[in-house]
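Please read the structure below before turning to the comments.
In the working numbering, the protein residues as written are 3 to 90.
Take a look at the structure:
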C-alpha cells in the first residue's frame, strides 16, 4: 500500500468532499484529485518511459497542483523528489 492507494480509498469514502483548498479558489474533491493523479501518473510513465522505482524531481511553487503531481508520481510507482522552487 502506498500514498496513492490511500488517496484512492479516501476518494471512495469521501468522494466529493474537499481534499485541497487554496485561498479563495474552489477546492478540489478527493474524487477529482484521485482521478487526475491517476491519469497524470499513467501519462508520466508512458511519455517518459519511466519504470516503477524511478525517481522524479518535482520543482514547483507551493500550489494545489503540487499535490496532483506528487500523488501522480506515487500512483505510477515512482519515487518523488520534491525540490524547493526557491532554491533556483
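Quick reminder that beta carbons are idealized off the backbone N, C-alpha and C, glycines included.
Predicted model only: the values in this text are computed from it and were never measured.
Asked                                                                                                  : Found
Residue environment, residue 2, which counts as buried when at least 16 other CB atoms sit within 10 Å : Lying before the first or after the last residue shown, residue 2 is absent from the chain, which here runs from 3 to 90.
Test: residue 52 CB closer than 8 Å to a CB of chain D                                                 : No chain D appears in the structure shown, which is made up of a single protein chain.
Assigned exposure category for residue 26 - 16 Cβ within 10 Å defines buried                           : exposed
DSSP beta-bridge partners of residue 86                                                                : 62
Buried versus exposed, by CB contacts within 10 Å (16 or more), residue 36                             : buried
Residue 81 vs residue 55 beta-carbon contact at 8 Å                                                    : yes
Strand pairing of residue 30, partner residues [DSSP]                                                  : 22
Closer than 7 Å: residue 58 CB and nearest the ligand ADP heavy atom                                   : Among the components of this structure there are no ligands whatsoever, and the ligand ADP is therefore not found.
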